[in-house]
Each structure stands twice: as structure tokens, then as C-alpha cells.
Amino acid sequence: MENSDQYLTVTALTKYIKRKFDVDPYLGRIYLTGELSNFRLRPNAHQYFSLKDDHAKISAIMFKSAFEKVKFTPEEGMKVLVTGRISLYEASGSYQIYVDSMQPDGIGALYQAYEQLKKKLTDEGLFDLPKKRLPMFPKRIAVVTSQSGAVIRDIITTVQRRFPIAQIVLFPALVQGDKAAADIVKQIEHANEIGNFDTLIIGRGGGSIEDLWPFNEEIVARAIVDSQLPVISSVGHETDTTIADLVADVRAATPTAAAELAVPVLNDELLKINQYRQRLFQAMNQTIKIDQQKVAKVRESYIFTQPTRLYERYIQNVDLAKNRLEQLKDGYEQNWQQKVDLLTNRLSGRNIQQSIANQQQQLANLEVRINQASRTIINNQRQSTAKLIAQLDNLSPLKIMSRGYSYVTLDKEVVKSVTQLTPNQTIKMNFEDGSASAEIKEINKE
Amino acid sequence: MTEKVSFEEQLEKLQAIVSQLEQGDVPLEKALTQFQDGVKLSKQLQDTLDNAEKTLTKLMDDNNQEINFDADPKEE
Amino acid sequence: MTEKVSFEEQLEKLQAIVSQLEQGDVPLEKALTQFQDGVKLSKQLQDTLDNAEKTLTKLMDDNNQEINFDADPKEE
Amino acid sequence: MTEKVSFEEQLEKLQAIVSQLEQGDVPLEKALTQFQDGVKLSKQLQDTLDNAEKTLTKLMDDNNQEINFDADPKEE
Amino acid sequence: MTEKVSFEEQLEKLQAIVSQLEQGDVPLEKALTQFQDGVKLSKQLQDTLDNAEKTLTKLMDDNNQEINFDADPKEE
Amino acid sequence: MTEKVSFEEQLEKLQAIVSQLEQGDVPLEKALTQFQDGVKLSKQLQDTLDNAEKTLTKLMDDNNQEINFDADPKEE
Amino acid sequence: MTEKVSFEEQLEKLQAIVSQLEQGDVPLEKALTQFQDGVKLSKQLQDTLDNAEKTLTKLMDDNNQEINFDADPKEE
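Quick look at the structure:
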């Protein structure tokens, strides 16, 4: 009361009334149930709405900081349970409830929040994002979990049993309570920032939905989604499915299962590598054998086993032709020789010989005949001549002289008369057997 | 472990080589090369696994220091 | 060993030559040339196989590997 | 061995000569020429075949030697 | 051996002579001349034939010799 | 031997002479001349025949020799 | 032998002489002359005939001699 007037200022009165609200032990923290009215979500701001029931209505304000913790999205007409305090807003003179927390009435608020987040993330497609593949042979595994829980022990045990060469690095985190979500997110990001990890396991043991709630927080979900490292999530028991499980790349029912998913069995892998090598040798051996068989098969062809067959038929052909040529040579020679022999044999001088003999015969004959004919002619003439000579002989005048006649010739003239004579003439007296000379002594003419 | 090619990639390569060779239709020279590569890979892989040391679990503190972590056998 | 021509190509060539020669209608001079080529190819193939086998054996020895080479592996 | 004329062509020629001679009635001088040609051809053919045989035998020997005693395979 | 007149023409000539002589009505001198011609022809034919045979036999012998003792084949 | 007049013509002449002489009415001197001619002709004919026979015999010998002893053919 | 007068003319002359002498009325002188002529003629005729015969015989002898001893044939 700064003013001594009996009249109070509105401000003074209002302050007074406000004080009455503020110091009232009941109104300082009340639990109120009602329906949301005039609710219009103002993103990233204080929320102004009313709560009402059938008969009454109260204005409500929820500051941004408090509203951020609401795990579900309030809607008009929704029945809600709120906690808060009643106070007066001096500027409007209206009293209102300052809501600290709000959860849905009826079904569990956490469940509601879970369903709402799941729906939201589903709508965003977060669950459908491609899952990252887990490296089969992680060198370094980051584990975000409680430092003291059984989870890390189970994981360590399993990894050492299976694949002791993998380095496990624990990123200790609160896994329960209001700070847990932020802590988990921080460690997920931390592991990602360091970067030299192959796999990230987040996990905690079983518990109530409240216990597991951090893993249903949107920030955790988004941290998992944003993680560059593939995330194995193992939260609660197998029946519990947290949002973290849904967005993680792999979900494991138990921490042991998570470790088994994260690492192989070293001896198995060594064995496998050995087997691969063995298979390599066998496959190579087989390949060589098959190729050897192929080559051997080709080599078995008679082309290689009996290459002479390549030209044998030619040998026969050539030999045949050659033999035929030789036979033909003999044939031709014989034929020619026969022809020549035949003609040479037929070329006989016998005809000519015969002819000569005939001619000689004929010639001899002609000689005989010419001889005879000639002799005949001579003989005939001789006869004719002889006959004439005989006749002449008979007629010879000398024959008369043999009877004593003689004749006188003078100078070869027969002297027929004495008148032809003169004395002393020498005359010739011719006798038959000779002549005599005489001299005319006298002439006596008669 | 190799630098660029991860163990897993090498293993996959080895598996691929084995598969291919076992299918039998790889030309001989290529098969031989692959075979040699495969054997080499398998050796490398084996060496990698054989030579890797067993590790102790570490705890990453807020200062990015890895400190030895003794799993406390305490129930939650 | 040849550089460019693969074992399979050589084998095919060899098979083609043998087929042609087996058909018997290759002129003599050409047949001779082909036969020569064939022998050469077959030698090269054998060399390739021998080398492959050597490589295999050596690698096996190096690896102390023992394979039961199924003495009679019939494929195909 | 002739360059341009193939073994088969020579063989055909020889066979043609033989056929002609076999029909008979080839005049002496022509027959002589044909016989001479024939003998010459047959000689050439024989030479070709002999060379072929020698070549093949050598090739096969070389090849077999290599196959049988491939303990000492030579690189090409 | 004659240059222009073939063996067969000579043979025909001889044949004509023989036929004429065999008919027997050839005048003596002509018959003699023909006979002389015939004998000469026959001798020439025989000579031609002998030469031909010698040539052929030599050809064939050379060829066979080469076939039998082809240890020393001569290039043509 | 006569050049122009053939054996047969001479023979005919001789025959004509003989015929004429045989008819007997040839004057003596003419007969004598004819006789002389005849004898001369006959002698010539005889010579001709003798020569023919000699020639023939030689030729026939040659021919037979050729047939029988052609082992030693003489070049012409 | 007479030159101009043939044997037959002489014979005729002789015959004429004989005929004339036979008629008997030839004067002695003439008869003597004729007779003498006749004797002369007859002598001549006789001579002619003798010569003819001698010639004939000689020719025949020569000829026969030639036929019989033609070992030494003389060319004409």
C-alpha cells in the first residue's frame, strides 16, 4: 500500500489479490483435470488455452519451457491432467492456471506420447530410411549404455568370446530419468564425432515403460537416425519395442544378441578363410584339369596321333598315278613295238623275190626262145641256101666240060669266034678241073 | 589391416573370386590371376586376423580420453 | 607364352584347325601349315597349362596346402 | 617344290595326263611329252609328300619329345 | 630320228608300203624302192621307238631311283 | 641298170623281139640284130634282176636282222 | 658281110640265077658268069650264115657264161 487513500488503485487491489493466489498453499500446486479448449498450438512459443468441464472453465497458460516437456501433442477437446499453480495476470485481471506439466487423461500419457511419436516419425518416413549395414569385422565398437549395468558386461563377455580383437569403447550414459535422453544423445553424437568406430551399440536392461522412456524420446530417435555409425539397439526385453529399436539399423533382443550381431566368431572366420583358400586351390586345380582334358582331347585327334593320314591318301593317289604311268609306258611301248614289228614282219621281200624268180624264169625262157628262133631262122636260110647251092651246082656249066668240053677266054671274055682272036694272043683255056694258058699260033676261019 | 580396402571388402573380393572360379567358366589365364589374387587375399586376411591383438575394453571419458574400463560385476 | 591371345582363343583355334583337318578336304600345303600351327598351338597350350600347374603347386607348397585332387575330375 | 601351283593342281594335272594316256591312241611324240610331264609331276608330288612327311615327322618328334619329357619345359 | 614326220605318219607310210607290196603288182624297181623305203622306215620307226623307250625308261628309272633312295632327295 | 626304160618295158621289148623272131619272117640280118638286141636286153634284164635280188637279199637281211636282233639298234 | 645287099636279096639273086640257068638257054658265057656269080653268092650266103651262127653262138656263150659265172658281173 503505497497510497494512503481509502481508495485502492486497481493495481493495488490486483496485486493484493495476486498475492492471495500466490501464497495459497493449495493453489501453489494443484492437480486439475479438464478438457482442453481454445487450444491452438503455437510452435516454439508459450501456449494459451482454457480448461473446462461441463460447468466451469479456466484460462490456462503453459510456458514454452514447460510445454517442451510435454511428450504428446495436445489437441482441442482432449481430456488432460495438468499440474500447475493458480495465479493472476495483472494486466487482464484474470486468474489462470500456470501449467507445469500436462498429460493425456484416460490411456497412459507415455503410451500416448509413444504412439504419437511413432506416428509422427512414421509419417516422416524415419522408419523406412535405409538401414545401414553392419560391418562384419568391426575394429572398434562404441557402446552407449550405463557404465554399471549388465549390458556392458554382457557385451564385453560376448565379444571377447567371439571376436576378442575388436576394441570395445564404452560411452557411459544415463539410461533412466529425465536427463537420460539428452545424455544418450550426447554420447551417440560423441561417438560419431570421434568417428573411428565401426559399430555403435546402444542399450539398457529391462524396465518399465517409464524406465525405458529415454529410448522413446524423439531426440534419441533422431540421434540414432543421424548417426553415421550403424546402430544396434538393444533396449529392454524382447517384448519391449522402443522408438530407438525401430530407428536403429539393427535391433537385438538382448545385449548378448547385440554383441553377436556386432562381431563374428574369429575362429569361424579363420576357418572360412582357410576354406576359401582351399576352394581356390581346388577350383584352380579343376580349371587346369578341365583345360588339360580339353587340350588332351584335341591332341588325341588322329590328326596328331596319326598325322601321316593327312597325306596318306595323297601318297596312294600319287603312287597309283605313277604306277598307271609306268604301266601305260609299258603298254604304249608294247603297242608301238607291236605295230612296228607287225609292219616290219609284213614288210617282206618274198613277193619281190618271187617276182624276180618269175622274171628270171621268164627271161631264161625268152633266152631259150630267142636262141631257138634265131637258130631256126638261120637254119631255114641255111637250108634255103643249101638247096639253091645244090640247084646251082647241078646247073653248073662245068658239068658239061666234064664230058670233054672246054672253053677259051680272052681277057675273061669267052671266045665264041676265031674272029675274036689274033695270033700270039695268049688265051686261057678253061677245063672242068682247071685252066691253061695257050698262045694263038694261027687262026683258021671256017 | 590394409588401409584403403577394408577387411570386409577383401573378404568379399575373395568370396567373389572363389565363386567365379568355382563356376568354372573363367578363362585360364584370368583364372590363374584370380587364383593368385585370391590366395594372396586369403593370406592377407588370415594374417590380419592372426596378427590382430586382443583388446581390453576402454571407457571414453568426456575429455575424449580412453581409459581402461573394468567391467564392474555389479548388478543394476 | 603368347601375350595377346588367351588360352581359350588358342584352344578354339586349335580345335578349329583339328576340325578342319579332320574333315579332310584341306589342300595339302594348307593342311601342312595348319598342322604346324596346330602343333605350335598345342605346345603353347601345354606350356600354359604346365605353368599354371607349376604356379598352383608352388602356391600350394607355400601354403602347406594339401588338396585331395580328385584324380579324375570330369566336368561337362 | 613349285611355288604357284598347288599339290592338288599338280595331282589333277597328273591324273589328267594318265587319263588321256589311258584312252590310248596318243601319238608317240605327244605321249613322250606327256610321259615326261607325268613323271616330272609325279616326282614333284613325291617330293612334296616326302617333304611333308619329313616336316610332320620332325614336328611330331619335337612335339612328343616335349610332351614326354616336359620335366624340362622350355619357354618360348 | 626324223624331224617333221611323226612316228604315226611314218607308221602309216610303212603300212601303205606293206599293203602295196603285199598286193604284189608293183613294178620291180618300184617294189624294190618301196621295200627299201619300207626297211628304212621300219628302221627309223624302231630307232624312234628305241629312243622313246630309252627316254621313258630313263625317266622312270630316275624317278624310281629317287623314290627308293630318297635319303638324298634333290631339289628341282 | 637303165635309167629311163623300166624293167618291164625292157621285158616287153624282149618279148616282142622273141615273138617277132619266132614268127620267122625276119630278114636274117635284122634277126641277127634283134637277136643281139634281145641278148643285150636279156642281159640287162638279168643284171637288173641280179642286182634286184642282191639288193633285196641285203635289205631282207637288214630287215630281219632288225626284227631279230634289235637289241643293238643302230642310229641312222 | 655285104653292105648294101641283104642276105635275102642275095638269096633272091641266087634264086634268079638258078632259075635262069634252069631254063637252059643261057649262053655259056653268061651261064658261066651267072654260075660264077651264083657260086660267089652262095659262098657269100654261106659266109653270112656262118657268121650269123658264130655270132649267135658267141653271144649265147657270152650270155650263158655270164649267167653261170655271175660272180663277177660287169657293168655295161
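Chains as they are written, first to last, in this note's numbering: chain A, 1 to 446; chain B, 447 to 522; chain C, 523 to 598; chain D, 599 to 674; chain E, 675 to 750; chain F, 751 to 826; chain G, 827 to 902.
Every residue gets a Cβ at the ideal spot worked out from N, C-alpha and C, and that includes glycine.
At a CB-CB cut-off below 8 Å, which residues of chain A make contact with valine 776/F?
Sequence index remark: in the sixth sequence, residue 776/F carries index 26 (1-based). Near valine 776/F (Cβ distances below 8 Å), the residues of chain A are Ile377.
Check the Cβ-Cβ distances between serine 845/G and every residue of chain F, and say whether any is below 8 Å.
Reading the seventh sequence from its first residue, position 19 is the one you call residue 845/G. Against chain F, the CB of serine 845/G has no partner CB under 8 Å away; the residue lies outside that interface.
According to DSSP, simplified to helix, strand and coil, what is threonine 448/B?
Reading the second sequence from its first residue, position 2 is the one you call residue 448/B. The predicted model places threonine 448/B with a pLDDT of 35, which falls under 50 and marks its position as unreliable, so this point remains unresolved.
Please report how far the alpha carbon of isoleucine 463/B lies from the alpha carbon of leucine 457/B, in whole angstroms.
In the second sequence, the residue the question calls residue 463/B occupies position 17. In the second sequence, the residue the question calls residue 457/B occupies position 11. Answer to the nearest angstrom: the Cα atoms are 10 Å apart.
Show which residues of chain G have a CB atom less than 7 Å away from the CB atom of isoleucine 389/A.
Along the first sequence, one-based indexing puts residue 389/A at 389. In chain order: Ser868.
Closest residue to valine 82/A among Lys399/A, Lys71/A and Trp336/A (Cα-Cα distance)
If you number the first sequence from 1, residue 82/A lands on position 82. The shortest C-alpha separation from valine 82/A is found at Lys71/A.
Would you kindly report the start and end of the unbroken alpha helix (DSSP H) that includes valine 415/A?
As a working mapping, residue 415/A is identified with position 415 in the first sequence. That residue, valine 415/A, is in no alpha helix (DSSP H); it is neither H nor E in DSSP.
Work out the CA separation of arginine 204/A and leucine 495/B for me, nearest whole Å.
The residue you call residue 495/B lines up with position 49 of the second sequence. The residue you call residue 204/A lines up with position 204 of the first sequence. Their Cα atoms are separated by approximately 31 Å.
Over what stretch of residues does the beta strand (DSSP E) that includes arginine 346/A continue unbroken?
Position 346 of the first sequence holds residue 346/A. Where arginine 346/A is concerned, there is no enclosing beta strand (DSSP E), although the alpha helix (DSSP H) it sits in stretches over 309-346.
List, from N- to C-terminal side, the beta strand (DSSP E) runs of 3 residues or more that fit wholly inside the stretch 147-179 of chain A.
Runs found: 167-172.
At 3 residues or longer, and completely inside the stretch 11-93 of chain A: list those beta strand (DSSP E) runs for me, N to C.
Within the stretch 11-93 of chain A, complete beta strand (DSSP E) segments of at least 3 residues are found at 30-37, 47-52, 57-62 and 79-89, given in chain order.
Please report whether the beta-carbon of valine 713/E lies at a distance below 8 Å from any beta-carbon of chain A.
To locate residue 713/E, count along the fifth sequence from 1; it is residue 39. It does: the Cβ of valine 713/E has a partner Cβ on chain A nearer than 8 Å.
Delimiting residues of the alpha helix (DSSP H) encompassing arginine 403/A:
Walking along the first sequence from the start, residue 403/A turns up at place 403. Where arginine 403/A is concerned, there is no enclosing alpha helix (DSSP H), given that its DSSP letter is neither H nor E.
Measuring CA to CA, which of Ala373/A, Ala438/A and Ile400/A is closest to alanine 781/F?
Start at 1 with the first residue of the sixth sequence, and residue 781/F comes out as number 31. It is Ala373/A whose Cα lies nearest to the Cα of alanine 781/F.
Enumerate in chain order the residues of its own chain whose CB-to-CB distance from threonine 524/C is below 8 Å, with the five nearest sequence positions on each side excluded.
The residue given as residue 524/C occupies position 2 in the third sequence. Low confidence applies to threonine 524/C: its pLDDT is 43, below 50, so where it sits in the model is not reliable enough to give any reading.
8 Å Cβ cutoff, glutamate 367/A in contact with chain F
The sequence position of residue 367/A within the first sequence is 367, counting from 1. Taking CB atoms only, glutamate 367/A has a neighbour in chain F less than 8 Å away.
C-beta atoms of serine 146/A and valine 185/A nearer than 8 Å:
Stepping through the first sequence from its first residue, residue 146/A is reached at position 146. Stepping through the first sequence from its first residue, residue 185/A is reached at position 185. Against a cut-off of 8 Å, the Cβ pair of valine 185/A and serine 146/A comes out as no contact.
If you draw a straight line from the alpha carbon of serine 355/A to that of serine 680/E, how long is it in whole angstroms?
Locating residue 355/A in the first sequence gives position 355, counting from the first residue. Locating residue 680/E in the fifth sequence gives position 6, counting from the first residue. Distance between the alpha carbons of serine 355/A and serine 680/E is about 32 Å.
Neighbouring residues, chain A, relative to glutamate 703/E (Cβ below 9 Å)
Locating residue 703/E in the fifth sequence gives position 29, counting from the first residue. Residues of chain A passing the Cβ test: none, with the nearest at roughly 10 Å.
Report the CB separation of proline 255/A from isoleucine 155/A in whole angstroms; it is logged as a contact under 8 Å.
Counting from 1 along the first sequence, the entry for residue 255/A is found at position 255. Counting from 1 along the first sequence, the entry for residue 155/A is found at position 155. Yes, proline 255/A and isoleucine 155/A are in contact; Cβ-Cβ is about 5 Å, under 8 Å.
Could you tell me if the beta carbon of isoleucine 427/A falls within a distance shorter than 7 Å of some heavy atom in the ligand SAM?
Looking for the ligand SAM in the displayed structure turns up nothing, as the structure carries no ligands at all.
Can you name the residues of chain D whose CB is closer than 8 Å to the CB of glutamine 558/C?
Mapped onto the third sequence, residue 558/C falls at position 36. Those within 8 Å of glutamine 558/C in chain D are Thr653 and Leu657.
Any chain C beta carbon closer than 8 Å to asparagine 510/B:
Counting from 1 along the second sequence, the entry for residue 510/B is found at position 64. By this cut-off, asparagine 510/B is not an interface position.
Using a 10 Å radius around the Cβ and a threshold of 16 neighbouring Cβ atoms, would you call leucine 578/C buried or exposed?
Locating residue 578/C in the third sequence gives position 56, counting from the first residue. Burial call: buried.
Contact belief for leucine 809/F with valine 713/E at Cβ below 8 Å, rounded distance in angstroms
Indexing the sixth sequence from 1 puts residue 809/F at position 59. Indexing the fifth sequence from 1 puts residue 713/E at position 39. Yes, leucine 809/F and valine 713/E are in contact; Cβ-Cβ is about 5 Å, under 8 Å.
From glutamate 703/E to leucine 639/D, what distance separates their C-alpha atoms?
Here residue 703/E refers to the residue found at position 29 of the fifth sequence. Here residue 639/D refers to the residue found at position 41 of the fourth sequence. Cα to Cα, the separation comes out at about 51 Å.
Contact check, asparagine 430/A vs threonine 409/A, beta carbons under 8 Å
The residue you call residue 430/A lines up with position 430 of the first sequence. The residue you call residue 409/A lines up with position 409 of the first sequence. Yes, the Cβ-Cβ distance between asparagine 430/A and threonine 409/A is below 8 Å.
Per DSSP, alanine 142/A forms a beta bridge with which residues?
In the first sequence, residue 142/A corresponds to position 142, counting from 1. Answer by DSSP bridge pairing, in chain order: Val169/A and Leu200/A.
Beta-carbon within less than 6 Å of phenylalanine 215/A's beta-carbon, same chain only, minus the 5 sequence neighbours each way: which residues are those?
For the purposes of this step, residue 215/A is taken as residue 215 along the first sequence, with counting starting at 1. Excluding sequence neighbours, phenylalanine 215/A sits near Val235, Thr242 and Ala244.
To the nearest whole angstrom, what separates the beta carbons of alanine 173/A and proline 138/A, a pair I think is in contact under 8 Å?
Counting from one through the first sequence, the residue named residue 173/A turns up at place 173. Counting from one through the first sequence, the residue named residue 138/A turns up at place 138. So it is not a contact: roughly 20 Å between Cβ atoms.
Just how far apart, CA to CA, sit glutamine 316/A and glutamine 558/C?
One-based indexing of the first sequence puts residue 316/A at position 316. One-based indexing of the third sequence puts residue 558/C at position 36. Going by the C-alpha atoms only, they are around 23 Å apart.
Residues that alanine 802/F contacts on chain E, provided the C-beta gap is smaller than 7 Å:
Locating residue 802/F in the sixth sequence gives position 52, counting from the first residue. What alanine 802/F touches in chain E: Leu702 and Leu706.
Does DSSP put isoleucine 232/A in a helix, a strand or coil?
The residue given as residue 232/A occupies position 232 in the first sequence. DSSP places isoleucine 232/A in strand when its eight states are reduced to three.
Check whether the stretch 190-203 of chain A touches the stretch 282-296 of chain A, counting contact only when three or more Cβ pairs, one atom from each stretch, lie closer than 8 Å.
no
Could you list the residues in the stretch 325-352 of chain A with a C-beta less than 7 Å from some C-beta on chain D, going in chain order?
Leu325, Leu328, Lys329, Tyr332 and Trp336
Could you pull the start and end residues of the alpha helix (DSSP H) that lysine 504/B belongs to?
Position 58 of the second sequence, counting from 1, holds the residue named residue 504/B. Run containing lysine 504/B: none in the alpha helix (DSSP H); it sits in the beta strand (DSSP E), 504-506.
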